[in-house]
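Peer 1:
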Amino acid sequence: KDAYKRSFKMKNIFTIMHFAGDVDYNIYKFIEKNKDQTSGNMKEVLKNSSNNLVQSLFPPEESTKLKAISSLASQFRSQLNNLMSTLEDTNPYYIKCIKPNHKKSPDDFDPPLVLDQLKNTRIVESLEIVQKGYPYRMTYADFAGRYKVINPNYKGNNAKKACELILGKLNYDTSRFKQGHTFIHYRSDDNKFLEAQRNVNIDRLITKVQNYRRMVNAKRLLKELKKFKVIFNAALADGSLPVI
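According to UniProt numbering, the sequence shown is numbered sequentially starting from 1.
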């Protein structure tokens, strides 16, 4: 009783006095919001219980009255998918912090210090890229390593050159990829296309490896059969082959 307060002004509101403070709760659709449905498998187990009391709690339901009620987990999954769809349609914003002075004092701007930070962090280059909305970025070495399977013919050590050859192999508008001094930048749709192409080429490579393996096994078997044929013919010629 001491932890509960009833609101006399608003009928749908009650208050629980938590240790951190009072929290108001609205009873409107309170059960719907907080009720999780029992899974079908669990219901079947309880229906078939040897305990009569437990069995009586879950009477048989007519198939026509069965409803597909989503659980809290499925609702959360749906809401999460909606959130991800919304995020896909948004443009990201980045914040880079610049230290105005070493003394941590207000209204004290040290131009050489700020200029040095702007140069070292490539702020101008980053701003140009961010303004155009390129949320994905990878170093040339990482990009070449991940997507090398798209164009594996390049054997050199120049990562930037390898990236250019990979992009050139794609039947795609490569102007969508922005190449900076250190990073290559691209959008979400471009990332999906790259990953799809990578998966296609990996599948092709796996098929080639499997075919090669089968060919090696077939050649090994053929070699063994030829060896056996020689032994068999020799045994047949000198009469040492036993009669079965």
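By construction, the Cβ of each residue, glycine as well, lies at the ideal position given by its N, Cα and C atoms.
Under a three-way DSSP split, which group does R6 fall into?
Peer 2: R6 falls in the strand class under three-state DSSP.
Peer 1: Please name the residue or residues paired with K178 in a DSSP beta bridge.
Peer 2: DSSP, once it has assigned bridges, lists H185 as partnering K178.
Peer 1: Any chance the CB of I202 is under 8 Å from a heavy atom of the ligand HEM?
Peer 2: Looking for the ligand HEM in the displayed structure turns up nothing, as the structure carries no ligands at all.
Peer 1: For Y4, collect the residues of the same chain with a Cβ closer than 8 Å to its Cβ; drop the 5 residues on either side in sequence, then sort them by chain order.
Peer 2: Result list for Y4: F14, T15, I16, M17, in chain order.
Peer 1: Take K160 as the anchor and find which of Y172, I184, L170, I150 has the nearest alpha-carbon.
Peer 2: With distances taken between Cα atoms, K160 lies closest to I184.
Peer 1: If distances are taken between C-alpha atoms only, which option among L170, K29, R198 comes closest to N149?
Peer 2: According to the sequence provided, residue 149 is Val. The question's Asn does not apply to it. With distances taken between Cα atoms, V149 lies closest to R198.
Peer 1: DSSP on N26, reduced to helix/strand/coil?
Peer 2: N26: strand per DSSP, three-state reduction.
Peer 1: Tell me the rounded alpha-carbon separation between residue 246 and K43.
Peer 2: No answer is possible for residue 246: the residues shown for the chain start at 1 and end at 244.
Peer 1: According to DSSP, is R213 helix, strand or coil?
Peer 2: It is helical.
Peer 1: Does the Cβ-Cβ distance between G180 and R220 come in under 9 Å?
Peer 2: No.
Peer 1: First and last residue of the beta strand (DSSP E) that includes R137?
Peer 2: It spans 136 to 139 - the beta strand (DSSP E) in which R137 sits, taken as one unbroken run.
Peer 1: Using 10 angstroms around the beta-carbon of C97, count the other beta-carbons present and answer buried if the total reaches 16, otherwise exposed.
Peer 2: Exposed.
Peer 1: Counting along the chain, where does the beta strand (DSSP E) carrying I16 start and finish?
Peer 2: I16 -> beta strand (DSSP E) spans 13 to 18.
Peer 1: Would you report the Cα separation of F193 and N81, rounded to the nearest angstrom?
Peer 2: Near 20 Å, if we compare the C-alpha coordinates of N81 and F193.
Peer 1: Under 8 Å: do the segment 161 to 179 and the segment 137 to 147 share three or more Cβ pairs, one atom per stretch?
Peer 2: Yes, since at least three Cβ pairs between the segment 161 to 179 and the segment 137 to 147 fall closer than 8 Å, the two stretches touch.
Peer 1: Which of the three DSSP states, helix, strand or coil, is assigned to N201?
Peer 2: Residue state, collapsed to three classes: helix.
Peer 1: Over the uninterrupted alpha helix (DSSP H) stretch that includes I166, give me the two end residues.
Peer 2: Unbroken alpha helix (DSSP H) run through I166: 159 to 169.
Peer 1: DSSP state of F58, grouped into three classes?
Peer 2: Coil, per DSSP.
Peer 1: Does DSSP put F109 in a helix, a strand or coil?
Peer 2: If DSSP states are grouped into helix, strand and coil, F109 belongs with coil.
Peer 1: State buried or exposed for A144, treating a residue as buried only when at least 16 other CB atoms are found within 10 Å of its CB.
Peer 2: Classification of A144: buried, given that the 10 Å Cβ count is 16 or more.
Peer 1: Looking only at its chain, what residues have a beta carbon closer than 7 Å to the beta carbon of Y134, apart from the 5 residues adjacent to it on each side?
Peer 2: Correct list, in chain order: K178, H185, Y186, R187.
Peer 1: If you draw a straight line from the alpha carbon of K11 to that of N34, how long is it in whole angstroms?
Peer 2: K11 and N34: Cα-Cα distance of roughly 20 Å.
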